[in-house]
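J.:
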Amino acid sequence: MKQDLVRIHSFEYLSSEILELTFISDFLGQQARPGHFVNIRVDPNFPLLRRPFSIFNVEGNKISIVFNIIGTGTKILAAKKVGDTLDIVGPCGNSFLSFMDGEYETAVFVGGGIGVAPFPFLTKQFDRSKKILTFLGGRNKNLIVTKGLRNVKIATDDGTAGFHGTVLELIKNDFTITQYGIMRFFTCGPTRMMKAIGEFANNLGADCFASLETDMACGIGLCQGCNIEMIGGEKKYKLVCKDGTIFETKTVKL
Amino acid sequence: MEQSFTLRTVEFTNRILAASGTFGYGNEVLDLVDINKLGGIMTKSLSLKPRDGNPSPRITETPSGMLNSIGLANIGVHKFIEEKLPVLRKYTTKIIGNIAASSVDEYCAVLELLDAQEGVHGFEINVSCPNVKEGGLNFGTDPHQVAHITKETRKRTEKPLIIKLTPNVTHISEFARAAEAEGADAVSVINTLIGMSVNISTRKPRIATTTGGLSGPAIKPIALAKVYETCNAVKIPVIGVGGIKTWEDAVEFFIVGASMVQIGTANFVDPATGTSITESIERYCEKYSISHMIDLIGSLETNKNVSIVDSWL
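Sequences listed follow chains U and Y, in order.
Our numbering numbers the first residue of the first sequence as 536 and each following residue consecutively.
Our numbering numbers the first residue of the second sequence as 81 and each following residue consecutively.
1) Consider the Cβ of LEU128/Y: report whether some Cβ of chain U lies at a distance smaller than 7 Å.
2) Relative to the C-alpha of GLY792/U, which candidate in ALA614/U, VAL573/U, LYS610/U, PHE656/U has its C-alpha closest?
3) Do ILE175/Y and GLU204/Y come within 7 Å of each other at the CB atom, strictly closer than that value?
4) By a C-beta neighbour count over all protein chains shown, 10 Å radius and 16 as the cutoff for buried, is LEU540/U buried or exposed?
5) Please report the straight-line C-alpha distance between VAL207/Y and ILE270/Y, rounded to a whole angstrom.
6) Alpha carbon to alpha carbon, what distance is there between VAL331/Y and THR282/Y?
7) For the beta strand (DSSP E) that LYS174/Y lies in, which residues bound it at each end?
8) Does any C-beta atom of chain U lie closer than 7 Å to the C-beta of SER136/Y?
9) Alpha carbon to alpha carbon, what distance is there between GLN83/Y and ILE370/Y?
10) Between which two residues does the alpha helix (DSSP H) containing TYR308/Y stretch?
11) What separation, rounded to the nearest whole angstrom, lies between the Cα atoms of ILE667/U and LEU583/U?
12) Below 8 Å on the Cβ atoms is my guess for PRO137/Y versus ASP750/U; work out the distance and round it to an integer in Å.
13) Is there a Cβ of chain U sitting closer than 7 Å to that of GLU141/Y, yes or no?
14) For a contact meaning CB atoms closer than 7 Å, what does CYS723/U contact in chain Y?
15) Against GLU764/U, what residues of chain Y qualify as contacts under a CB-to-CB distance less than 8 Å, listed in chain order?
16) Mapping DSSP to helix, strand and coil, what is GLY275/Y?
17) Would you kindly check if the distance between the Cβ of THR784/U and the Cβ of LEU747/U is under 7 Å?
18) Is ASN218/Y helix, strand or coil by DSSP?
19) Which residues in the same chain as VAL601/U place their Cβ atom closer than 6 Å to its Cβ, once the five residues preceding and following it in sequence are excluded?
20) Can you tell me whether ARG542/U is buried or exposed, with buried defined as 16 or more other CB within 10 angstroms of its CB?
21) Closest to SER716/U by C-alpha separation, out of ALA642/U, ASP622/U, GLY608/U, GLY700/U, would be which residue?
22) Does DSSP put ARG799/U in a helix, a strand or coil?
23) Please report whether the beta-carbon of ILE96/Y lies at a distance below 7 Å from any beta-carbon of chain U.
24) Return the residues of the stretch 697-710 of chain U that lie within a Cβ-Cβ distance of less than 9 Å from chain A, sorted by chain order.
25) Counting only Cβ-Cβ distances shorter than 8 Å, please list the residues of the stretch 559-584 of chain U near chain Y, keeping chain order.
26) Among ARG727/U, ARG719/U, PHE581/U, whose alpha-carbon lies nearest the alpha-carbon of LEU632/U?
27) Between VAL702/U, THR609/U, GLN660/U, which lies nearest to GLY570/U when the distance is taken from Cα to Cα?
28) Determine the chain U residues that contact ILE150/Y at a beta-carbon separation under 8 Å, and present them in chain order.
29) Quick check on DSSP: helix, strand or coil for CYS627/U?
30) Which word fits ALA614/U, buried or exposed, when buried means at least 16 other C-beta atoms lie within 10 angstroms of its C-beta?
31) Quick check on this structure: which residue in LEU703/U, ASN762/U, GLY683/U has the alpha carbon closest to the alpha carbon of ASP692/U?
32) Of the residues that make up the stretch 257-289 of chain Y, which ones have a beta carbon closer than 7 Å to any beta carbon in chain U?
33) List, in order along the chain, the chain Y residues whose C-beta lies closer than 8 Å to that of THR784/U?
34) Out of PHE334/Y, THR345/Y, PHE348/Y, which one is the CA nearest neighbour of THR358/Y?
35) Does the Cβ-Cβ distance between THR695/U and LEU684/U come in under 7 Å?
36) Would you say ILE243/Y and ALA227/Y are within 7 Å of each other, going by their C-beta atoms?
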């Protein structure tokens, strides 16, 4: 992990609402793994705290994140120019790669809205011997990003793209479960969705790993602000920033 | 320029410290910061037994600051001694054990365990956590209790003893005097202020315990006023803490009389805040020909005829 000033290389709109920001970092190019996040200080003065972003893609020393403009931090980030510098800390958190090994044939990626963020990088580095299915859900077509993904199926709440309904309904309708053999689920998105996906997976006897999101002050375990309650286990709480962000869904209280 | 400072028997290489609860146990930041460039680190509050802390959500951002209600989550003093201290002993920065407890006996028990350890250079007694019922604030808002805790802990150590005071009282100086009278070597001023924030969509408080401790640049003017008040009331050193983010902030605290300062919330944004402040103060002192920090500390110009600050416009 390192604190670094990086230069913005490019911006690209992936939909009318979702922006991909690419910056240059040799260090992250070598160190970043799928599921890691970077903590970005969008401005030296305001807002006070850094904002965490999943790493969306890594190509050599080009690192990208995606976001939609939903608040103060993302608004400031979207107004940056190519060539501007960003103060980042990373890579933070654990990686999906730690949960990749095991006896299963199909990896099922389920992304909700901007929760799609870690999956393109994961797709790129995933075990080639395994099949990947990707399910994306969003409020509408503007919140669906398919760049860098494989075997994508889409659900939107308003029916403007793909299946009209939730991503869980899509999965339930779509699945002829037996055809994919033993599955393992990886999910990122709204907490309610991840909880539902975790329960669905466990009912199938499949493992499910979720990348969680909470408010964070530091992103590196100093403030103890981003706790998640554990089910069973030795500790009552763990930290999303440092012990996660990825947890097996049945071990956490979502 | 001489930045070192001696408190009782311990010489700190400079006057910049990391505030308790904002720097973990000191070992989490080793990738990011050269901790030897800090005068010292106040550990995360340690209690006799491990504490889980409060439910989620524990923090929220507020204008120029944040609210927290961590609830003194910590690994407990035994695990600190076994797992964290051996790593910290390899560094020259001074480690000050911050202690939180729900009884005077517990304060004393934790202090005695730490006092026996090489590599624990002093103590900061947290009588002012706003987020735990028995976490000290009820001690911290009663000057007799502050006096009592100071007296009992003082008996048990020859190492520097610092009492960390709460601003959630009418006159903080009264509490500083109580600590001074019972033998405290210094007081830390201030802990967080009680604050609140509400999500207007859900109408729920933004942190699980409804109210929490406000910190960050938002509280700096309050902290500065409390430090000024305290410096005018006691002879023991006052350690200024509250909202320091830049070296200029730290210099303000020195001018009003703080002998040392702590960096808190700013560490969450940039863990190297303290080390870079140390370097900047060096340059500031060179520019104004200040050869020793004592020429800066308490140098507040109180002549009412001073002109309006030039940077205002």
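Cβ coordinates follow ideal geometry from the N, Cα and C atoms, glycine included.
Since the model is a prediction, treat every value here as computed from it, not as a measurement.
T.: Concretely, from the data shown:
1) So no, LEU128/Y is outside the interface.
2) Because chain U is modelled from 536 through 789, residue 792/U falls outside the range shown and cannot be assessed.
3) Their beta carbons are not under 7 Å apart, which means GLU204/Y does not touch ILE175/Y by this criterion.
4) Counting of Cβ neighbours within 10 angstroms places LEU540/U among the exposed residues, the total staying below 16.
5) Cα atoms of VAL207/Y and ILE270/Y: separation of roughly 11 Å, rounded to the nearest angstrom.
6) In a straight line, the C-alpha of THR282/Y is about 42 Å away from that of VAL331/Y.
7) Where LYS174/Y is concerned, the enclosing beta strand (DSSP E) stretches over 174-179.
8) Using a Cβ-Cβ cut-off of 7 Å, SER136/Y counts as an interface residue toward chain U, since at least one Cβ of chain U sits closer than that to its own.
9) Straight through space, the alpha carbons of GLN83/Y and ILE370/Y are spaced by roughly 11 Å.
10) TYR308/Y -> alpha helix (DSSP H) spans 300-311.
11) In this structure, the straight-line span from the alpha carbon of ILE667/U to that of LEU583/U is close to 40 Å.
12) Going by Cβ atoms, the distance from PRO137/Y to ASP750/U rounds to 6 Å, so yes, they are a contact pair.
13) Output row for GLU141/Y: interface = yes.
14) Per Cβ cutoff of 7 Å: no residues; CYS723/U is ~18 Å from chain Y at best.
15) The contact set of GLU764/U on chain Y, defined by CB atoms closer than 8 Å, consists of PRO135, SER136 in chain order.
16) For GLY275/Y, the secondary structure class from DSSP, reduced to helix, strand or coil, is strand.
17) Result no, Cβ atoms of LEU747/U and THR784/U do not sit closer than 7 Å.
18) If DSSP states are grouped into helix, strand and coil, ASN218/Y belongs with the helices.
19) Scanning its chain for C-beta atoms nearer than 6 Å, with the 5 sequence neighbours on each side dropped, one finds around VAL601/U the residues ILE553, GLU555, PHE591, ALA652, in chain order.
20) Flag for ARG542/U reads exposed.
21) For the record, residue 716/U in the displayed sequence is Gly; it is not Ser. Minimum Cα distance to GLY716/U is reached at ALA642/U.
22) Limits of chain U in this structure are 536 at one end and 789 at the other, which puts residue 799/U out of reach.
23) Taking Cβ atoms only, chain U never reaches closer than 7 Å to ILE96/Y, which makes this a no.
24) The structure shown contains no chain A; the protein chains it does contain are U and Y.
25) Flagged, chain order: ARG576, PHE581, PRO582, LEU583, LEU584.
26) Looking from the CA of LEU632/U, the closest CA among ARG727/U, ARG719/U, PHE581/U belongs to ARG719/U.
27) For GLY570/U, the nearest C-alpha among the options comes from GLN660/U.
28) Chain U residues near ILE150/Y: CYS758, GLN759, GLY760.
29) Of the three classes helix, strand and coil, the one that applies to CYS627/U here is strand, per DSSP.
30) Classification of ALA614/U: exposed, given that the 10 Å Cβ count is below 16.
31) When only C-alpha atoms are compared, the closest one is LEU703/U.
32) Flagged: no residues at all.
33) Ordered by position in chain Y, no residue passes the 8 Å Cβ test against THR784/U, which lies about 16 Å from the chain.
34) Of the residues PHE334/Y, THR345/Y, PHE348/Y, the one whose Cα lies closest to the Cα of THR358/Y is PHE334/Y.
35) Between THR695/U and LEU684/U, the C-beta spacing is not below 7 Å.
36) Against a cut-off of 7 Å, the Cβ pair of ALA227/Y and ILE243/Y comes out as no contact.
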